[in-house]
Structure formats: structure tokens, C-alpha cells
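Listed in order, the protein sequences are those of chains W and S.
Going by my numbering, the letters in the first sequence line up with residues 622 to 733, in that order.
Going by my numbering, the letters in the second sequence line up with residues -5 to 108, in that order.
Glycine included, each C-beta is placed from N, C-alpha and C at the ideal position.
Below is one structure, written out as C-alpha cells; the observations come after it.
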Amino acid sequence: TQLLEQSPQFLSIQEGENLTVYCNSSSVFSSLQWYRQEPGEGPVLLVTVVTGGEVKKLKRLTFQFGDARKDSSLHITAAQPGDTGLYLCAGVGDRYGQNFVFGPGTRLSVLP
Amino acid sequence: GAGVSQSPSNKVTEKGKDVELRCDPISGHTALYWYRQSLGQGLEFLIYFQGNSAPDKSGLPSDRFSAERTGGSVSTLTIQRTQQEDSAVYLCASSLIPANTEAFFGQGTRLTVV
């Protein structure tokens, strides 16, 4: 059973376009994290969102945590080839113990 | 080193052989996690350690898989009688306080069973 779902699974866009990827769950999490993974590397944390309705901005990236703390979105403005990678959301919640629950990821390719 | 270190970085083994994968977490990190990632896929949780104990080993796919952690530091993931479906990248991560902060990942061990 997939606790976290991400969409789309794959996304290929041209440089300069905007995009949004989604992370959804039927479970409530105390916080949610977004990681980016490049080929041959481990995932690296981008952001942690904690409060329902919270919005965080990291340069061209905007992260939002749903009011009910069950979903999140990542919006990238004016995508660049350097944004290419696998974007993973991870739920952190007491119900599932002291663990990170990862979604299946969205594989983004930004073409120059 | 300053980060999570995994060894070996690559391992090719014959079907039926046992393998050991090692993870050196960041010093002082109490929590340690093992994940498996198949080609193009997300992360599959295997096991979580808090100190030397494993409160959650629910993700281990079969009894051929085991893991231990000693001294609250180094962890070893052992796969016995490897099968071709065990081929994947095995990632280790550590965090300072369990699931309350960032998970720092190693670069992984790419296991190929031939």
C-alpha cells in the first residue's frame, strides 16, 4: 500500500516553463519534506513544511503544505536544466512511528 | 568524514552468495535508516535503527535480509543467498533526532546480482 502518492510520475518540459508536482496521502503527517535526487547520488533535502497551509519559497521553488497536512505541492518557476532530477516527498508522522515515509517520486527533465 | 559513508559503492555478486553492505552515519546521529531503490523507482523502506535497536524492521522483504548496528554508529545490512531481484541501489540515511529533522543520505551501494 502506497502511503504517499506523487503526480505526475514523469515530466519533461522546456527550459523557462513553469511546473507543479503534487504529493498526496490519506494520512495526516506532522511534517512533510521534499528531497531532490540526482543520478548516482542520495536524495538531498530541499525543504521541511510543518504547519498546515504553510508556504515556503526557495528561490524559484515554492512549497505548500495542505491545510489538513495530508498533501503538498512543489511549484517551479522558469525551470532550468539544473532542476532536472527525481523529486521525492517524505511524510513524517507519529502514526507510522519515527520514520520517513517516501513517495514514489516525480522524475523531472528540463530540456535546454 | 562529514557525511554518510557507504561501502562498497558498487558490488557485483553471483546469485546465491551472501553480501554485506556497510553504512557509516554522521557522528552523533541517533537514527539510521536503510532504503532500497530500484532503477527509476522511489525509495523502499527496509529498516530503521534508534541507537542499536531496530523499532521498525517491517520493510525487510524476506528473512534473507538482516541488519545490525553496533555502538550506535556503524550499520551492516546483510543479504543471504542473493537473488537477481535483490539488484538495486541500497541507500543509508541518518538523522540527528528520529524523523524530526533532515535525513542525510549516503551515495548508496549499487548491488548487481548476476
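Beta carbon proximity, residue i to chain S, threshold 8 angstroms
| i | result |
| --- | --- |
| residue 622 (chain W) | At residue 622 (chain W), the pLDDT of 49 sits below 50, so the modelled position is not reliable; the number obtained from the coordinates is stated separately. Answer no: the Cβ-Cβ gap between residue 622 (chain W) and chain S never drops below 8 angstroms. |
| residue 660 (chain W) | no |
| residue 720 (chain W) | yes |
| residue 725 (chain W) | yes |
| residue 629 (chain W) | no |
| residue 663 (chain W) | yes |
| residue 729 (chain W) | no |
| residue 653 (chain W) | no |
| residue 709 (chain W) | yes |
| residue 666 (chain W) | yes |
Within-8 angstroms CB hit, residue i to chain W
| i | result |
| --- | --- |
| residue 50 (chain S) | yes |
| residue 100 (chain S) | yes |
| residue 39 (chain S) | yes |
| residue 35 (chain S) | yes |
| residue 84 (chain S) | no |
| residue 97 (chain S) | yes |
Terminal residues of the beta strand (DSSP E) in which residue i lies
| i | result |
| --- | --- |
| residue 113 (chain S) | Absent from the model: residue 113 (chain S). The displayed extent of chain S is -5 to 108, so no value can be given. |
| residue 657 (chain W) | 652 to 658 |
| residue 706 (chain W) | 706 to 713 |
| residue 108 (chain S) | Careful: residue 108 (chain S) lies outside any beta strand (DSSP E) and carries neither H nor E. |
| residue 681 (chain W) | Per DSSP, residue 681 (chain W) belongs to no beta strand (DSSP E) and is neither H nor E. |
| residue 645 (chain W) | 640 to 645 |
| residue 61 (chain S) | 59 to 63 |
| residue 54 (chain S) | No beta strand (DSSP E) contains residue 54 (chain S), which DSSP labels as neither H nor E. |
| residue 696 (chain W) | 692 to 697 |
Cα-Cα separation, residue i to residue j
| i | j | result |
| --- | --- | --- |
| residue 104 (chain S) | residue 696 (chain W) | 31 angstroms |
| residue 622 (chain W) | residue 703 (chain W) | Confidence at residue 622 (chain W) is low in this model, with a pLDDT of 49, below 50, so its placement is unreliable and no value can be given for it. |
| residue 45 (chain S) | residue 28 (chain S) | 14 angstroms |
| residue 85 (chain S) | residue 649 (chain W) | 26 angstroms |
| residue 54 (chain S) | residue 673 (chain W) | 33 angstroms |
| residue 694 (chain W) | residue 88 (chain S) | 25 angstroms |
| residue 687 (chain W) | residue 11 (chain S) | 47 angstroms |
| residue 717 (chain W) | residue 49 (chain S) | Residue confidence for residue 717 (chain W) is low, a pLDDT of 49 falling below 50, so the modelled location carries little weight; the figure read from the coordinates is stated next. Taking the straight line joining both Cα atoms gives about 11 angstroms. |
| residue -3 (chain S) | residue 660 (chain W) | 18 angstroms |
| residue 670 (chain W) | residue 37 (chain S) | 20 angstroms |
| residue -1 (chain S) | residue 15 (chain S) | 11 angstroms |
| residue 63 (chain S) | residue 30 (chain S) | 18 angstroms |
| residue 678 (chain W) | residue 685 (chain W) | 9 angstroms |
| residue 642 (chain W) | residue 96 (chain S) | 21 angstroms |
Check: residue i C-beta below 7 angstroms from any heavy atom of the ligand NAP
| i | result |
| --- | --- |
| residue 707 (chain W) | Absent from the structure shown: the ligand NAP. Ligands present: none. |
Neighbourhood of residue i by C-beta distance below 8 angstroms, restricted to the same chain and skipping five residues each side
| i | result |
| --- | --- |
| residue 639 (chain W) | 696, 697, 698, 699 and 700 |
| residue 67 (chain S) | 18, 19 and 21 |
| residue 711 (chain W) | 625, 653, 654, 655, 656, 721, 722, 723 and 724 |
| residue 78 (chain S) | 9, 107 and 108 |
Nonlocal neighbours in the same chain, by C-beta distance under 7 angstroms from residue i, ignoring five residues either side
| i | result |
| --- | --- |
| residue 666 (chain W) | 654 and 656 |
For residue i, the three-state DSSP class (helix, strand or coil)
| i | result |
| --- | --- |
| residue 79 (chain S) | helix |
| residue 49 (chain S) | strand |
Residues near residue i in its chain [Cβ-Cβ closer than 6 angstroms; skip 5 each side]
| i | result |
| --- | --- |
| residue 683 (chain W) | 696 |
| residue 730 (chain W) | 633 and 705 |
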